[in-house]
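The structure appears below as structure tokens.
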Amino acid sequence: MMQLLLILLLLLSPSPALASNRCEYREVSRVIDGDTIVLKNGQRVRLLGIDTPESADPRRPVQFFGLEAKQFLKRLVEHRTVCLRRDRDRTINKDKYNRLLRYIYLDKLFVNKEIVKKGYGFVFVQFPFQYMEEFRKLQQEAMEKEVGLWNDRRYRTWIGDYAKSLSRISNCISDAVVCSWNAIKYIGKKKKVRFLIKKVHNAGERIYFNSEDDIYNPRNFTVVLPVSNRDYKDIEMQYWGRIAEVRGYIRENHGRAEMEIRDLKELVILNSDGS
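Per the numbering used here, the sequence shown starts with residue 1294, numbered consecutively.
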């Protein structure tokens, strides 16, 4: 009788693999980029098995479809409770940056898979993982359908528009307007500065508009906007790659030029011809 009870208990008990792969339900505080989130407890999570174009590294340029990938993930999971699951390979837990490596589910939606399927990211192939072959097939289908970042025509338009903006901003020199890379020469003075917005960072209490891909570059000019109660959730998509002018007093911050504005209307977006 005792042996029969033990057998029944073993049959009814979940296997170690299944038990260890249960959902960990956590609330998402914010989305950093298309493949990284921050939980409410402050822990960072890297979506396992995928890699999305760069959009958040303070020293690297924004890449094609990086902001779109971030926006997609943000609309899906930010401020929502998600299910986190580990890979069946239990050695896969954290990366070198101490971020959890997880599959993310929102109800029945497998978020990692959806990002590859809709062309918001690539399959991460530096090490094998549970869904690698399935993700590779989905990536191939996305490439054939030219969806998302695999759309060559959209990429050519994106790179062409950005090249035109770079060319136009190089001709901003005039008596009335200061080029962003020269703003450091006018500390304490009230000037109108023209710049190409290459980085937008919403830090919660403030939003930063930067003129350089590397925000620590001494040539970088930053416009700082203290955040009110207004919703600025799509501000990166709206302002990245645009030529803007702003008027005010230039100050120095860590050897770089900076200007603070009180209202977004003070940041004037120019037409495509720079007028």
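The beta-carbon is built from N, C-alpha and C at its ideal position, and this holds for glycine as well.
No experiment lies behind these values; they were computed from the predicted model shown.
Who are the near neighbours of residue i in its chain, counting only those whose CB is closer than 6 Å to its CB and skipping five residues on each side?
i: PRO1351; result: ILE1508
i: HIS1547; result: none
i: CYS1465; result: CYS1472, ARG1487
i: TRP1474; result: ARG1512
Can you find the residues in the same chain that come closer than 8 Å, C-beta to C-beta, to residue i, ignoring five residues on each side of it along the sequence?
i: SER1348; result: ASP1326, GLY1327, VAL1355, GLN1356, GLY1359, LEU1360, ALA1362, LYS1363, GLU1529
i: TYR1272; result: Look at the range of the chain in this structure, 1294 to 1568, and you will see that residue 1272 is not part of it.
i: TYR1318; result: THR1374, VAL1375, CYS1376, LEU1377
i: MET1425; result: GLY1342, VAL1416, VAL1418
i: ARG1540; result: LYS1483, LYS1484, LYS1485, VAL1486, GLU1559
i: ASN1386; result: ARG1379, LEU1393, LEU1394
List the whole-angstrom C-beta distance separating residue i from residue j, where the pair is believed to meet the contact cut-off of C-beta under 8 Å.
i: PHE1422; j: ASP1388; result: Not confirmed; about 12 Å, so no contact.
i: ARG1549; j: VAL1520; result: No, ARG1549 and VAL1520 are not in contact; Cβ-Cβ is about 21 Å, not under 8 Å.
i: LEU1341; j: ARG1395; result: 6 Å
i: LYS1493; j: ILE1554; result: Correcting the residue identity first, residue 1493 is Val in this sequence and not Lys. Rounded, the Cβ-Cβ distance is 14 Å, inconsistent with contact.
i: LYS1491; j: SER1504; result: 6 Å
i: ILE1452; j: LEU1489; result: Going by Cβ atoms, the distance from ILE1452 to LEU1489 rounds to 14 Å, so no, they are not a contact pair.
Near residue i, which residues of its chain fall below 7 Å by C-beta distance, leaving aside the five closest residues on each side in sequence?
i: LEU1563; result: ILE1536, ALA1537, GLU1538
On the criterion of 16 or more Cβ atoms from any shown chain inside 10 Å, does residue i qualify as buried, or is it exposed?
i: PRO1307; result: Annotation note: pLDDT 48 at PRO1307 (below 50); position unreliable, coordinate value reported separately. Answer is exposed; the Cβ neighbour count stays below 16.
i: ARG1449; result: exposed
i: LEU1298; result: Because the pLDDT at LEU1298 is just 44, under 50, the model does not fix this residue reliably, and the value given afterwards should be weighed accordingly. Result: exposed.
i: ALA1312; result: Because ALA1312 carries a pLDDT of 46, less than 50, the predicted location of this residue cannot be relied on, and the following value inherits that uncertainty. So ALA1312 ends up on the exposed side.
i: LYS1482; result: exposed
i: SER1458; result: buried
i: ARG1446; result: exposed
i: VAL1428; result: As written in the sequence, residue 1428 is Phe, which differs from the Val given in the question. Buried is the call here.
i: LEU1402; result: exposed
i: GLU1551; result: buried
i: ALA1435; result: buried
i: TYR1532; result: buried
With a Cβ-Cβ cutoff of 8 Å, do residue i and residue j count as a contact?
i: LYS1478; j: VAL1440; result: no
i: PHE1514; j: ALA1476; result: yes
i: LEU1366; j: VAL1324; result: yes
i: ASN1444; j: ILE1343; result: no
i: LEU1393; j: GLN1336; result: yes
i: VAL1321; j: VAL1370; result: yes
i: LEU1560; j: PHE1502; result: yes
i: ASP1506; j: ARG1353; result: yes
i: THR1329; j: GLY1414; result: no
Could you name each continuous beta strand (DSSP E) segment of 3 residues or more that falls completely within the stretch 1380-1422, going from the start of the chain to the end? 1393-1399
Output the residue ranges of the beta strand (DSSP E) runs that lie fully inside the stretch 1438-1483 and measure 3 residues or longer, sorted by chain position. none
Whole runs of the alpha helix (DSSP H) within the stretch 1340-1370, excluding any shorter than 4 residues: 1359-1370
Ignoring anything shorter than 3 residues, give me the beta strand (DSSP E) runs that lie fully in the stretch 1498-1559, in order along the chain. 1499-1503, 1514-1519, 1536-1542, 1544-1546, 1549-1553
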